[in-house]
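Asks: Numbering (my numbering), first residue to last: 1 to 723.
Ideal placement from N, C-alpha and C gives every residue a C-beta, glycine not left out.
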Ligand code: MN
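Here is the structure:
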């Protein structure tokens with residue numbers, strides 16, 4: 001009763017050992033009696049002719065491969081054009097045939113398919129990872145153009161996997177790896193269950209042959225042990241369900257080897273602890289009968305809490321539908337049930353392919369276009385990021401993430417990748433909602449933006465019209481959509497701000513040299529830009545605004561004579577009043593101001609932050625504001641500030657004293673006695689009878705301030721002094 005032979009791979013598509021054109025034609029006639037088989041016969045002869053001098057690695061004539069690919073496509077009940085393209089798929093790549101040849105003989109449609117397939121397989125890359133990433137992207141793009149391209153590619157890959165053992169070991173590993181990393185996830189997303197299973201098991205077998213063999217043995221043993229028991233169960237269930245007059249078909253099912261392996265890995269358990277290696281599948285005729293049968297099962301045996309999954313009410317993202325439940329069976333054994341209609345079963349096995357069956361010319365109906373709509377959406381969101389590795393990670397992220405289901409305030413259900421936050425959710429609703437999102441209510445309660453959504457949460461997004469996204473969000477969002485939209489926004493925003501700042505910094509610099517700001521747009525300036533390998537003025541402003549190039553460097557290149565003069569007399573500094581010995585990354589003359597938060601002074605350890613429109617803001621390294629700013633690393637610059645001559649800087653001191661008359665006067669006179677000006681003072685007394693005094697004072701540097709602090713702490717009645 002347990003379907004399929006478990007000793008070998010659990011294919012449900014089998015290829016005859018001796019494949020021939022006749023067998024292929026016969027197979028097509030079954031599902032498409034009116035198909036134009038003449039073209040197909042012509043393609044077969046064309047392909048064998050083209051490949052006649054080639055052999056497969058095991059020594060058989062090459063045509064065996066395209067014929068097998070065509071047969072797999074017929075297995076998937078693809079249209080004749082796809083099968084013809086399957087027969088021709090390697091001709092351009094491997095033989096002297098051109099696209100024009102194929103267009104001339106077989107027409108535009110087939111030429112397009114074959115060309116797309118050739119493009120897919122022609123690739124050269126520096127690293128393996130990069131090659132994979134690029135491969136992946138090409139595949140996704142090809143898929144969005146015409147889904148048949150990818151189906152032919154899948155058939156090609158499947159046959160290569162089935163004959164993988166002929167190849168040298170290292171090639172086997174590479175191809176198996178690629179199949180597991182790239183092909184299987186896409187196949188899964190398109191819902192083609194049988195193909196995913198077979199590709200995964202074949203890869204698993206090639207990559208970990210010992211483990212694979214061990215699992216094959218163990219599964220066979222488990223099957224032997226449990227078969228009798230399961231048979232009894234099936235009989236009992238059949239009886240109970242027919243008593244209720246419900247149509248049903250009960251069968252056993254075996255989890256595929258790679259699925260077992262994954263479960264063992266993920267849950268860190270042994271084979272003996274995997275309870276759903278064997279399970280039962282019940283097919284019926286309608287949705288409501290699925291639930292009725294579930295009721296019968298639950299009334300017969302105790303369901304295990306947390307194991308019931310309703311993928312009928314909430315289908316998986318690949319449109320898989322079924323009810324899953326695990327019960328404690330009559331002998332205390334756990335038994336997993338899958339309950340579904342026949343249509344749901346077909347969809348689980350065939351996925352996207354089930355929609356164009358019996359349709360002309362591979363036209364895609366509404367439902368199957370849902371499969372590719374995620375692709376289109378996805379590609380749209382990716383335009384900005386052209387890096388192939390990002391793309392691979394992105395699709396993998398979208399394809400492989402677990403999901404949570406949440407509700408909108410209107411009660412609509414939405415599927416989100418697990419780990420999603422309110423920000424991710426907001427961006428799925430609308431880009432603008434994402435941008436303006438300031439908070440969220442989960443089940444009526446306000447939560448932080450980084451909150452992780454849980455199943456059944458009802459989520460409501462709070463927006464504010466004047467709000468924009470923060471680069472900080474990138475640290476916690478998980479969906480590609482949110483990531484790319486935020487990055488895009490930040491990029492544009494920062495660019496605009498950098499241009500503004502760059503122009504301002506350059507204008508100031510030009511003014512110091514007695515140049516008009518119109519010089520900014522001059523050809524000379526463009527030459528300077530080119531000098532820095534920058535192609536446009538705008539990019540130059542950005543570079544300056546970001547602090548990658550200092551205005552001083554620009555001025556030096558603009559006036560080379562002056563530059564020379566400076567190198568000869570490096571000690572000479574132009575008397576610029578606000579300079580006060582500050583250097584940034586070894587470059588002086590930068591427009592700066594000091595942070596009002598931490599009152600930095602010469603001698604402190606400092607960091608500069610390129611502030612939009614204000615040049616560089618200097619902060620002390622221990623300033624609490626820096627933590628907030630440090631995620632924008634690109635805008636942080638090293639700063640060195642040595643006291644020079646009579647320059648002064650403002651420092652802030654907080655002094656806690658006991659509340660005693662005269663103490664403030666004593667403090668003030670102490671400060672004055674060491675020649676330090678007090679520019680501002682605030683004093684209050686607390687309920688605990690303590691004095692809190694804040695001074696803003698003018699000091700030369702850190703050393704002078706330190707010595708003052710030391711003196712203050714030695715005064716009578718002082719409890720605490722800090723900056
Ligand atoms: Mn091929």
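Please classify residue 513: is it buried, with 16 or more other beta-carbons within 10 angstroms of its beta-carbon, or exposed?
Replies: Numbered from its first residue, the chain shown carries residue 513 at position 513. That one is exposed.
Asks: Which first and last residues belong to the beta strand (DSSP E) in which residue 283 is found?
Replies: On the chain shown, position 283 is the one that residue 283 refers to. Segment 278-284, the beta strand (DSSP E) holding residue 283.
Asks: Name the DSSP beta bridge partners of residue 303, please?
Replies: Counting from 1 along the chain shown, the entry for residue 303 is found at position 303. For residue 303, which the question treats as bridged, DSSP gives the partners 327.
Asks: Identify whether residue 653 lies in helix, strand or coil by the three-state DSSP scheme.
Replies: By 1-based counting over the chain shown, the position of residue 653 is 653. In the structure shown, residue 653 sits in a strand (DSSP, three-state: E or B).
Asks: Nearest CA to the CA of residue 553: which residue from 506, 453, 29, 162?
Replies: On the chain shown, residue 553 is found 553 positions in, with the first residue counted as 1. Closest by alpha carbon: 506.
Asks: Could you name the residues of the same chain whose beta carbon sits closer than 6 angstroms to that of residue 54, not counting the 5 residues immediately before and after it, in chain order?
Replies: Taking the chain shown and counting its residues from 1, the one referred to as residue 54 is at position 54. So the qualifying residues of the chain are 62.
Asks: Under the assumption that residue 57 contacts residue 85 (Cβ atoms under 8 angstroms), give the Cβ distance between them as a whole number of angstroms.
Replies: Stepping through the chain shown from its first residue, residue 57 is reached at position 57. Stepping through the chain shown from its first residue, residue 85 is reached at position 85. Contact doesn't hold; Cβ gap of about 23 angstroms is too wide.
Asks: Using only the heavy atoms of the ligand MN, determine whether one of them is closer than 7 angstroms to the beta carbon of residue 156.
Replies: As a position in the chain shown, residue 156 is number 156, starting the count at 1. Because some heavy atom of the ligand MN lies under 7 angstroms away, the Cβ of residue 156 counts as near it: yes.
Asks: Based on Cα-Cα distance, which residue from 421, 408, 465 lies nearest to residue 436?
Replies: Position 436 of the chain shown, counting from 1, holds the residue named residue 436. Comparing Cα-Cα distances from residue 436 to each of 421, 408, 465, the minimum goes to 465.
Asks: Per the DSSP calculation, residue 636 is bridged to which residue(s)?
Replies: Residue mapping note: residue 636 aligns to position 636 of the chain shown, counting from 1. DSSP lists 609 as partners of residue 636.
Asks: Please list the terminal residues of the continuous beta strand (DSSP E) segment that includes residue 684.
Replies: Here the question's residue 684 lines up with position 684 in the chain shown. Residue 684 -> beta strand (DSSP E) spans 677-685.
Asks: Looking only at C-alpha atoms, which of 102, 425, 325, 252 sits nearest to residue 485?
Replies: The residue given as residue 485 occupies position 485 in the chain shown. The shortest C-alpha separation from residue 485 is found at 425.
Asks: From the DSSP output, in three-state form, read off residue 529 for me.
Replies: On the chain shown, residue 529 is found 529 positions in, with the first residue counted as 1. Three-state DSSP puts residue 529 in a helix.
Asks: Look at the Cβ atom of residue 99, then the Cβ atom of residue 119, and state whether they are nearer than 8 angstroms.
Replies: As a first step, residue 99 must be located in the chain shown, where it is residue number 99. As a first step, residue 119 must be located in the chain shown, where it is residue number 119. Cβ distance not < 8 angstroms, so residue 99 and residue 119 don't count as in contact.
Asks: From which residue to which residue does the alpha helix (DSSP H) around residue 149 run?
Replies: As a working mapping, residue 149 is identified with position 149 in the chain shown. Run containing residue 149: 147-162, per the alpha helix (DSSP H) assignment.
Asks: If you measure between the beta carbons of residue 19 and residue 50, is that distance less than 8 angstroms?
Replies: Taking the chain shown and counting its residues from 1, one reaches residue 19 at position 19. Taking the chain shown and counting its residues from 1, one reaches residue 50 at position 50. No, the pair does not count as a contact, with Cβ atoms beyond the cut-off.
Asks: Short check: CB of residue 499 to CB of residue 434, under 8 angstroms?
Replies: As a first step, residue 499 is located in the chain shown; it is residue number 499 there, counting from the start. As a first step, residue 434 is located in the chain shown; it is residue number 434 there, counting from the start. No, they are not a contact pair.
Asks: Mind the definition here: the segment 271-285 touches the segment 336-345 only if three or more C-beta pairs lie below 8 angstroms; say whether that holds.
Replies: With the cut-off at 8 angstroms, the segment 271-285 and the segment 336-345 touch.
Asks: Would the C-beta of residue 65 count as close to the ligand MN, meaning under 7 angstroms from any of its heavy atoms?
Replies: As a first step, residue 65 is located in the chain shown; it is residue number 65 there, counting from the start. For the ligand MN, at least one heavy atom lies less than 7 angstroms from the Cβ of residue 65.
Asks: Among 525, 495, 417, 542, whose alpha-carbon lies nearest the alpha-carbon of residue 482?
Replies: Here residue 482 corresponds to residue number 482 of the chain shown, with the count starting at 1. Selected option, being the one with the closest Cα: 417.
Asks: Enumerate, from N- to C-terminal direction, the unbroken beta strand (DSSP E) stretches of 3 or more residues contained entirely within the segment 38-121.
Replies: Fully enclosed beta strand (DSSP E) runs of 3 or longer: not present.
Asks: Have a look at residue 245 and residue 235 and give me their C-alpha separation to the nearest angstrom.
Replies: As a first step, residue 245 must be located in the chain shown, where it is residue number 245. As a first step, residue 235 must be located in the chain shown, where it is residue number 235. Rounded to the nearest angstrom, the two C-alpha atoms are 15 angstroms apart.
Asks: Could you give the distance in angstroms between the alpha-carbon of residue 121 and the alpha-carbon of residue 271?
Replies: Indexing the chain shown from 1 puts residue 121 at position 121. Indexing the chain shown from 1 puts residue 271 at position 271. Rounded to whole angstroms, residue 121 to residue 271 spans 38 angstroms at the Cα level.
Asks: Distance, Cα to Cα, residue 712 vs residue 641?
Replies: The count along the chain shown starts at 1 and reaches residue 712 at position 712. The count along the chain shown starts at 1 and reaches residue 641 at position 641. Between residue 712 and residue 641, the C-alpha separation is close to 25 angstroms.
Asks: Distance check for residue 541 and residue 601, CA to CA, integer angstroms please.
Replies: Counting from 1 along the chain shown, the entry for residue 601 is found at position 601. Counting from 1 along the chain shown, the entry for residue 541 is found at position 541. Straight-line Cα distance between these residues: approximately 29 angstroms.
Asks: Would a C-beta distance cut-off of 8 angstroms place residue 520 and residue 529 closer than the cut-off?
Replies: Working through the chain shown from its first residue, we reach residue 520 at position 520. Working through the chain shown from its first residue, we reach residue 529 at position 529. Going by C-beta atoms, residue 520 is not nearer than 8 angstroms to residue 529.
Asks: As a quick exercise: from 510, 468, 474, 479, pick the residue whose alpha carbon is nearest that of residue 493.
Replies: By one-based count along the chain shown, residue 493 stands at place 493. When only C-alpha atoms are compared, the closest one is 468.
Asks: Could you check if residue 543 is buried or exposed, using at least 16 other CB atoms within 10 Å of its CB as the buried criterion?
Replies: For the purposes of this step, residue 543 is taken as the residue at position 543 of the chain shown. Burial call: buried.
Asks: Which class does residue 17 belong to by DSSP, given the choice of helix, strand or coil?
Replies: By 1-based counting over the chain shown, the position of residue 17 is 17. Residue state, collapsed to three classes: coil.
Asks: Do residue 156 and residue 89 have their CB atoms nearer than 8 angstroms?
Replies: Taking the chain shown and counting its residues from 1, the one referred to as residue 156 is at position 156. Taking the chain shown and counting its residues from 1, the one referred to as residue 89 is at position 89. Contact: yes.
Asks: Does the distance between the C-beta of residue 276 and the nearest non-hydrogen atom of the ligand MN fall short of 7 angstroms?
Replies: For the purposes of this step, residue 276 is taken as residue 276 along the chain shown, with counting starting at 1. No, the ligand MN has no heavy atom inside 7 angstroms of this Cβ.
Asks: On the three-state DSSP scale, how would you describe residue 166?
Replies: As a first step, residue 166 must be located in the chain shown, where it is residue number 166. Helix, per DSSP.
Asks: Return the CA-CA distance between residue 720 and residue 710, expressed in angstroms with no decimal places.
Replies: For this step, residue 720 is matched to residue 720 along the chain shown. For this step, residue 710 is matched to residue 710 along the chain shown. Between residue 720 and residue 710, the C-alpha separation is close to 11 angstroms.
Asks: Identify whether residue 249 lies in helix, strand or coil by the three-state DSSP scheme.
Replies: Numbered from its first residue, the chain shown carries residue 249 at position 249. Strand.
Asks: Is DSSP giving residue 513 helix, strand or coil here?
Replies: Taking the first residue of the chain shown as 1, we reach residue 513 at position 513. Looking at residue 513 - three-state DSSP - the assignment turns out to be coil, as it is neither helix nor strand.
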